[in-house]
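Q: Below you'll find the structure I mean.
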Amino acid sequence: RVINFSAGPSALPLEVLKRAQSELLNTHQSGMSIMEMSHRSKSFERILHEAKKRLRSLMNIPDSYKILFLQGGASLQFSMIPLNLLQKDNEAAYLITGSWSKKAYAEAKKVGDATIFASSEDDAFRSIPDFAESTLSKRTSYLHVTSNNTIEGTRISVFPKTNNNIPIVTDLSSNILSEKINVTDHGVIYAGAQKNLGPSGVTVVIIREDLIGKTEATTLPTMLDYAIHAKADSLYNTPPTFAIYMINLVLEWVESIGGIEDMERRNRKKAQLLYDAIDCSKLFSSSVKKENRSLMNVPFKTKNEELDQAFLHFAASQKLVELKGHRSVGGMRASLYNAMPLEGVERLTDAMTQFEKRST
Ligand code: PLP
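Going letter by letter, the sequence shown gives residues 3 to 362 in UniProt numbering.
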C-alpha cells in the first residue's frame, strides 16, 4: 500500500480496513453483510448505538447534546445551520478563515442576514484573524467558525468567547478527534466523516438540545430539520449504514490508541516533525503564520512550480501520494490525519531531504 496524504477522503487505519474486510460477508454473526442489513434491524441498531456511545465517551459529550448521523456532507450543514438556527429578525455571524468558511457564509446569506465577525482574507488566509476586538450584536443567533482550514493549513487554537450566551457553531470536519476540545464551548459541532471518522457519505452533527427547534419549522423541508432527525434518532429515513458501521470501527480504533489525548500527542509529534523539516530546509517553505499552523494539513512549497512538480514525481516514486496542494494554494499539501502513522511522516521528511540534496 502507498502512504496516502490525501486531504479527504483520506487514509483509514489498516486495522480497521482489515476488520471490515473480515466481516464483509457476515457482519456480527448476522449471516449477511452490513450492506445488506435493514437499518431497522436489531443488529444495525446496536451498531448505531455503539457508535454514538463511543463518540460521546471519547469526546466527553454531555447528555444535553444530541448526536446525529446525517447525509449531504458538511456542505449541507452550511445550509442546515442557518435554516435551523437563524431566528427571525436576527443575524448570523461568521469568522472567515478560508475557503470553507466563505462557502458556509455564502449559504447563510441565502437564508437571512449574515455578517462577518472577522476575516483573514486580506492575508490570503495565511493566518487566523485577530478577533479579540470583534463584537457580536445582541441580535446574533450564532457565531460560525471553521476550526481547521483544510485548504490553507491554519487552525484555531483558542475559540472566540461570545457575549449574551451566543452559541458557537463549529465546522470540525478536518480535525475532529485529532485534539482535545471542550464540547460545551460549542452549541453545534459538525464534521463530514471522510477525514478522521470514516468513509464519505455520513456527517456527524453534535447539537445542544436547546438549539433544536429554534426556527419556524412549518416551511423547513423535513429532511433539513434537526428536530426530525433528533426525534427519530438518525433513523427518520435510511441512514448511510455502511459508513456508520465504519465510524464505529474507527472509534474503536481510537479507543485502542488511548483516546483523544494520545491521538493529540501523536498528531503533535507528526506535525512537529514535518514543520521542523520545512523550517530547516533551504528549499521547502511554508507561508502559514507559525502560531496558526494546522496539525492536520500542512501546505508547503519549493522555489517554483517546476520544482514542486519534480518533487511530487519523486515522492510518488517512493509511494508517497496525494501530496499535490489545493489548486487555490498550489505547491504541496500533506494531510496528517489520525490514521497517518509517524513512519509515514518520517518517510516524507526523508524524501524531502533526499530531494533537496539532489536539486542543490
Ligand atoms: N468543511 C471543511 C473544513 C472541509 O475540509 C470540507 C471538505 O473538505 C468541507 C467542509 C466540505 O465537506 P463535504 O465534502 O463533506 O461537504
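Ideal placement from N, C-alpha and C gives every residue a C-beta, glycine not left out.
Since the structure is predicted, the reported quantities are computational estimates derived from the model, not experimental observations.
(1) Could you check which residue in F80, T355, K182, Q73 has the C-alpha nearest to that of L275?
(2) Taking 6 Å as the limit, name every residue whose beta carbon sits nearer than that to some heavy atom of ligand 1, in sequence order.
(3) Within a Cβ cutoff of 6 Å, which residues of the same chain sit near Y67, ignoring the five residues on either side of it in sequence?
(4) Are G100 and I153 closer than 9 Å when you measure CB to CB?
(5) State yes or no: is the C-beta of F71 within less than 9 Å of the C-beta of A95?
(6) How would you label Q196, buried or exposed, when you count the other beta carbons within 10 angstroms and need 16 or more for buried?
(7) For G75, does the three-state DSSP call read helix, strand or coil?
(8) Across which residues does DSSP place D173 in a beta bridge pair?
(9) Assuming the contact rule is C-beta atoms closer than 8 Å, T217 and L85 should be a hit. Round their C-beta distance to whole Å, please.
(10) What's the C-alpha gap between S288 and D187?
(11) Using the C-alpha atoms, what's the distance from L251 back to I36?
(12) Excluding the 5 residues flanking L27 on each side, which residues of the same chain have their C-beta closer than 7 Å to its C-beta?
(13) Just to confirm, is the Cβ distance from L253 to R56 under 9 Å?
(14) Cβ of K44 within 8 Å of any heavy atom in ligand 2?
(15) Quick check on Q31: buried or exposed, where buried means 16 or more other Cβ atoms within 10 Å of its Cβ?
(16) For the 8 Å Cβ check, are there 3 or more pairs between the stretch 331-342 and the stretch 297-313?
(17) So S45 is in the alpha helix (DSSP H); what residue range does that whole segment cover?
(18) Taking the alpha carbon of M342 as the point to measure from, which residue in K272, G327, S330 has its own alpha carbon closest?
(19) Check whether the Cβ atoms of L213 and H146 sit closer than 9 Å, and answer yes or no.
(20) At which residues does the alpha helix (DSSP H) containing Y277 begin and terminate?
(21) For chain B, find out if any of its Cβ atoms is closer than 9 Å to the Cβ of R295; answer yes or no.
(22) In angstroms, rounded to a whole number, what distance separates the CA positions of K112 and T29?
(23) Once the 5 residues before and after A245 are set aside, which same chain residues still bring their CB inside 7 Å of it?
(24) Run through the DSSP bridge pairs and tell me what V207 is partnered with.
(25) Expressed to the nearest angstrom, what Euclidean distance is found between the alpha-carbon atoms of L226 and E181?
(26) Cα separation between S283 and E358?
(27) CB A234 to CB L350, shorter than 9 Å?
(28) Based on the DSSP output, what are the partners of L322 in its beta bridges?
(29) Quick one: Cα of Y107 to Cα of A134, how far?
A: In short:
(1) T355
(2) G10, G75, A76, S77, W102, T148, T152, D173, S175, S176, G194
(3) I208, R210
(4) yes
(5) no
(6) buried
(7) helix
(8) Looking at the DSSP assignment, D173 forms a beta bridge with T148, Y192.
(9) 7 Å
(10) When rounded, the distance between both Cα atoms is 31 Å.
(11) 13 Å
(12) Taking L27 as the centre and dropping the five residues before and after it, the same chain places the C-beta of S35 closer than 7 Å to its C-beta, in chain order.
(13) yes
(14) Ligand 2 is not among the ligands present in this structure, which contains only ligand 1.
(15) exposed
(16) These segments touch.
(17) 44-61
(18) Distances from the alpha-carbon of M342 to those of K272, G327, S330 put K272 closest.
(19) no
(20) Start and end: 261-282.
(21) Of the protein chains in the structure, only one exists, and it is not chain B.
(22) The straight-line gap separating the alpha-carbon atoms of K112 and T29 is approximately 43 Å.
(23) Residues of the same chain with a CB within less than 7 Å of the CB of A245, apart from the 5 flanking positions on each side, are A195, G200, P201, G203, V204 in chain order.
(24) L70, Y192
(25) The straight-line gap separating the alpha-carbon atoms of L226 and E181 is approximately 29 Å.
(26) 8 Å
(27) Result no, Cβ atoms of A234 and L350 do not sit closer than 9 Å.
(28) I5
(29) 20 Å
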